[in-house]
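Participant: Numbered per mature numbering (1 follows the signal peptide of the UniProt record, and there is no 0), the sequence shown spans residues -18 to -1, 1 to 523.
Idealized CB from N, CA, C, for every residue including glycine.
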Amino acid sequence: MKLSHLASLISVASLCSASPVHFEKRDNTSISAIQLSSDKSFHYELLRDLSLVPYEGSDVNEVLIAASEIKPGDFESYYTAFNKLATRVHQLAKAINITDHPISARNTFFKAATYYRSADFFLRGNWTDPRVYSLWDKHLEAFNAAISLLPVPGQRVTLHAKGDDLDSNFTIPIIFFGCGLPGPRSTIIMGNGFDGAQEKMYHVLGKAALDRGINVITYEGPGQPTVRREQKLGFIPQWDKVVTPVVDYAITRPEVRADAIGLMGLSFGGFLAPRAAAVEHRIAAVLALDGIYDFGESNLKPFPPKLKELFKSGPENAKLFDSILAEGLAEPSTETFTKWAVQQGLWSFNTESPFEWLSQTLKYNMDGFAQNITAPVFVGDAQNDQFFPGQAKILADRIGSKLTTYHEFSTADGAGEHCSVGASVLANQVVLDWFEDVALQSLNSVSFGEKVILPGECLVFEDSLVGVEAVRRAGMRVVWVPHPDLLAEHQDQQKEVLITSTGDFQTGDEWQHGEMPNDWGETVQTLEHFDYERYAIDLSG
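(1) Taking only runs that begin and end inside the stretch 340 to 388, name each unbroken alpha helix (DSSP H) of 4 or more residues, in chain order.
(2) Please go through the same chain and pick out, in chain order, the residues whose beta-carbon is closer than 6 Å to the beta-carbon of Phe125, but skip the five residues on each side of it.
(3) Once you ignore the five residues that flank Ala101 on each side, which residues in its own chain have a CB closer than 6 Å to its CB?
(4) Short of 6 Å in beta carbon distance, which residues of its chain neighbour Gly438, apart from the five on each side in sequence? Order them along the chain.
(5) Taking its Cβ as the centre, do 16 or more other Cβ atoms sit within 10 Å of Phe430, making it buried, or is it exposed?
(6) Once you ignore the five residues that flank Tyr97 on each side, which residues in its own chain have a CB closer than 7 Å to its CB?
(7) What first and last residue would you give for the beta strand (DSSP E) that runs through Gln411?
(8) Assuming Glu334 is part of the beta strand (DSSP E), what are its boundary residues?
(9) Quick one: grab the DSSP three-state call for Val428.
(10) Using C-beta distances below 8 Å, list every residue in its chain close to Gly216, excluding the 5 sequence neighbours before and after it, in chain order.
(11) Which residues mark the beginning and the end of the beta strand (DSSP E) in which Gly449 is found?
(12) Look up Phe512 in the DSSP assignment and say whether it is helix, strand or coil.
(13) Quick one: residues in its chain with C-beta nearer than 6 Å to the C-beta of Trp493, no 5 flanking neighbours on either side, listed in chain order?
(14) From which residue to which residue does the alpha helix (DSSP H) around Arg211 run?
(15) How about Ala242 and Ala266: do their beta carbons lie closer than 8 Å?
(16) Assuming contact is defined by CB atoms lying nearer than 8 Å, are Tyr37 and Ala179 in contact in what I supplied?
(17) Considering only C-alpha positions, which residue in the set Glu444, Ser168 and Ile80 is nearest to Ala240?
(18) Once you ignore the five residues that flank Ser20 on each side, which residues in its own chain have a CB closer than 6 Å to its CB?
(19) Would a C-beta distance cut-off of 8 Å place Ile274 and Gly310 closer than the cut-off?
(20) Count the other CB atoms within 10 Å of the CB of Arg454; is the residue buried (16 or more) or exposed (fewer)?
(21) Can the beta-carbon of Ser280 be found less than 8 Å from the beta-carbon of His400?
(22) Please return the same chain residues whose Cβ sits closer than 6 Å to the Cβ of Glu510, not counting the five positions on each side in sequence.
(23) How would you write the range of the alpha helix (DSSP H) that Gln180 sits in, first residue to last?
(24) May I have the straight-line CA-CA distance separating Ser50 from Gly39, to the nearest angstrom?
(25) Could you tell me how far apart the beta carbons of Leu441 and Val461 are, in whole angstroms, since I believe they sit closer than 8 Å?
(26) Check whether the stretch 376 to 389 touches the stretch 16 to 36, taking contact to mean three or more Cβ pairs, one atom from each stretch, closer than 8 Å.
(27) Would you mind sorting Arg106 into buried or exposed? The rule is 16 or more other CB atoms within 10 Å of its CB.
(28) Let me confirm a value: Leu521 is counted as buried when at least 16 other C-beta atoms fall within 10 Å, else exposed. Which label applies?
(29) Rounded to the nearest angstrom, what separates Pro297 and Ile306 at their Cα positions?
(30) Are Ile170 and Val198 touching if we call contact CB-CB under 8 Å?
(31) Counting pairs of beta carbons, one from the stretch 137 to 151 and one from the stretch 79 to 93, are three or more of them closer than 8 Å?
(32) What are the complete alpha helix (DSSP H) segments, minimum 4 residues, inside the stretch 107 to 135?
(33) Please classify Ile52: is it buried, with 16 or more other beta-carbons within 10 angstroms of its beta-carbon, or exposed?
(34) Which partner residues of Met172 appear in the DSSP bridge assignment?
(35) How long is the line joining the alpha carbons of Glu123 and Lys214, rounded to whole angstroms?
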């Protein structure tokens, strides 16, 4: 099919100017907020920056002054306004005596980091633009200065993915933020999405969690800002390869309760977090803000029918598809969001072909995974979600009501934008109250300051086979005291009984079996002369 033939069916401009911002909104009320820019995408990004004000990530008038200097649709003016602001605020931060005024310095460094991220946000059209890297370096410098001044300084750690395949050959940058309270605490692992940095998560939900005595670990995987820059890697659908090493690390820290780890994902992270939790079952609670079931179909949906038809015709028309899209993106009338979304998609998936990018995104759906989630899930939705309308409800329905709490944030409460941008205090109240009251209600039954009793510290005396099975699968030690007839029946299977591999019970997972030899179980015929001291049990009291 020649370009001229397709152009006769539908104009290039109309093909490429369609975008998610044109979706019919689900709220029929006339409620609306003051627009920060006549450019819808610029308005949304400015609102994202203002949302960080309650958590020390920005200041109101600084953002509004920058907004006044930005021309609608002009990416360079967006960069110029925020780079000027970031540079000025960074200089102010450096001038503060951190010994005498550490809080002032910290807050100012945090703001500078935010503004550097904003200056970089729309610079995706040219991968070789040196500003993409220089701005990020300045952002990291400012953010690192800020977290070093926290009451419990943030700690950067680099983890390694596990596995021999190509998709496991990467490192995972994380930041551990301790809440500073005694004893092992509940912890939330927080990940951003399609375009956001882990550093931003401190202001989005991190500080609010720390204020509640919850530890925070932020991280980035392939496709996300620092990993994309430093390792040249695009997104991968097997997100458990990213999350599992973070969980492995978390449970080694004395501040972290191994049985009280939450996993939160923001925006596209609302797909990535549930996808990881479907495989990584040590997660105690999942927070999808906002939830996404099928990322690929959501990306493809805004395209006009003829262009979707061309895409679905297969790789033989990939070059034609790419050329039409490129011409459309060059049209002055093409909306900001459409231009940015394609540029960001190519960048974050590490491909120069729009056809390849969209093809990759089709792998990002929860088919075959939603039913494997075992932890409680909070699925957030926004009444006027302009990017992924309807996706959160689909995710909640597919996971099922037994595990899922579905919450739609309303426009009337100022929380109807995607990810409830502009209503961060309200959103965090709802989300973290759920995390504390629902997901961790039983886990947090131990009073603060008391030692948590873990399964591996428990010794259970049991006489039945099914009891031994249950105890061992729960990760506890067992002493089997069988009836003489039962012992005689399984005389040659005592080791198999103690590691739950007799084959009599077909429940659970293979990883829950023990191995031989195994010192987590023993058989005794009587407790009359049982060696309690072997298990450090003192009966003298």
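Facilitator: In this structure, then:
(1) As far as the stretch 340 to 388 is concerned, its whole alpha helix (DSSP H) runs of at least 4 residues are 373 to 381.
(2) Translated into the one-based positions of the sequence shown, residue 125 becomes position 143. Around Phe125: Ala95 and Glu181.
(3) Sequence index remark: in the sequence shown, residue 101 carries index 119 (1-based). Excluding sequence neighbours, Ala101 sits near Tyr61, Phe64, Asn65, Ala68 and Leu117.
(4) Mapped onto the sequence shown, residue 438 falls at position 456. Around Gly438: Gly457.
(5) Stepping through the sequence shown from its first residue, residue 430 is reached at position 448. Interpretation of Phe430 is limited by its pLDDT of 46, a score under 50 that renders its predicted location unreliable; the figure taken from the coordinates is listed afterwards. Result: exposed.
(6) Taking the first residue of the sequence shown as position 1, residue 97 is located at position 115. Apart from sequence neighbours up to five positions away, the residues of its chain that approach Tyr97 with a beta-carbon distance below 7 Å are Phe64, Leu67, Ala68 and Val71, ordered along the chain.
(7) Mapped onto the sequence shown, residue 411 falls at position 429. Where Gln411 is concerned, there is no enclosing beta strand (DSSP E), although the alpha helix (DSSP H) it sits in stretches over Ser406 to Trp416.
(8) On the sequence shown, position 352 is the one that residue 334 refers to. Segment: none, Glu334 is in no beta strand (DSSP E) and carries neither H nor E.
(9) In the sequence shown, counting from the first residue as 1, residue 428 sits at position 446. Only weak support is given to the placement of Val428: the predicted model assigns it a pLDDT of 48, under 50, and the question is left unresolved by the model.
(10) The residue you call residue 216 lines up with position 234 of the sequence shown. Counting only Cβ-Cβ distances below 8 Å, and skipping sequence neighbours, we find Pro204, Gly205, Arg210, Ser330, Phe331, Asn332, Thr333 and Gln342.
(11) Taking the sequence shown and counting its residues from 1, the one referred to as residue 449 is at position 467. Careful: Gly449 lies outside any beta strand (DSSP E), inside the alpha helix (DSSP H) at Leu447 to Arg455.
(12) For the purposes of this step, residue 512 is taken as the residue at position 530 of the sequence shown. In the structure shown, Phe512 sits in coil (DSSP, three-state: anything other than H, G, I, E or B).
(13) One-based indexing of the sequence shown puts residue 493 at position 511. Residue placement at Trp493 is flagged as unreliable, the pLDDT there being 39, under the threshold of 50; a coordinate-derived value is accordingly withheld.
(14) For the purposes of this step, residue 211 is identified with residue 229 of the sequence shown, where counting begins at 1. From DSSP, the alpha helix (DSSP H) with Arg211 extends over Pro207 to Gln213.
(15) Taking the sequence shown and counting its residues from 1, the one referred to as residue 242 is at position 260. Taking the sequence shown and counting its residues from 1, the one referred to as residue 266 is at position 284. Yes.
(16) As a working note, residue 37 is residue 55 in the sequence shown. As a working note, residue 179 is residue 197 in the sequence shown. No.
(17) On the sequence shown, position 258 is the one that residue 240 refers to. Selected option, being the one with the closest Cα: Ser168.
(18) Taking the sequence shown and counting its residues from 1, the one referred to as residue 20 is at position 38. The residues are Pro54.
(19) Position 292 of the sequence shown, counted from the first residue, corresponds to residue 274. Position 328 of the sequence shown, counted from the first residue, corresponds to residue 310. For Ile274 and Gly310, no; Cβs fall outside 8 Å.
(20) The residue labelled residue 454 in the question sits at position 472 within the sequence shown. It counts as buried.
(21) By 1-based counting over the sequence shown, the position of residue 280 is 298. By 1-based counting over the sequence shown, the position of residue 400 is 418. When the beta-carbon positions are compared, Ser280 and His400 stay at least 8 Å from each other.
(22) By one-based count along the sequence shown, residue 510 stands at place 528. Contacts found: none.
(23) For the purposes of this step, residue 180 is identified with residue 198 of the sequence shown, where counting begins at 1. Element bounds for Gln180: Gln180 to Met183.
(24) Locating residue 50 in the sequence shown gives position 68, where the first residue counts as 1. Locating residue 39 in the sequence shown gives position 57, where the first residue counts as 1. Cα-Cα distance, rounded: 20 Å.
(25) Start at 1 with the first residue of the sequence shown, and residue 441 comes out as number 459. Start at 1 with the first residue of the sequence shown, and residue 461 comes out as number 479. The pair is a contact, with the Cβ atoms about 7 Å apart (cut-off 8 Å).
(26) no
(27) Residue mapping note: residue 106 aligns to position 124 of the sequence shown, counting from 1. By the 10 Å Cβ count, Arg106 comes out buried.
(28) Residue mapping note: residue 521 aligns to position 539 of the sequence shown, counting from 1. When all chains shown are included, Leu521 counts as exposed.
(29) Start at 1 with the first residue of the sequence shown, and residue 297 comes out as number 315. Start at 1 with the first residue of the sequence shown, and residue 306 comes out as number 324. Distance from the CA of Pro297 to the CA of Ile306, rounded to the nearest whole angstrom, comes to 15 Å.
(30) Taking the first residue of the sequence shown as 1, we reach residue 170 at position 188. Taking the first residue of the sequence shown as 1, we reach residue 198 at position 216. Yes.
(31) no
(32) 113 to 129
(33) Indexing the sequence shown from 1 puts residue 52 at position 70. So Ile52 ends up on the buried side.
(34) Sequence index remark: in the sequence shown, residue 172 carries index 190 (1-based). Bridge partners of Met172: Thr200 and Met246.
(35) As a first step, residue 123 is located in the sequence shown; it is residue number 141 there, counting from the start. As a first step, residue 214 is located in the sequence shown; it is residue number 232 there, counting from the start. Each residue's Cα considered, the two are about 21 Å apart.
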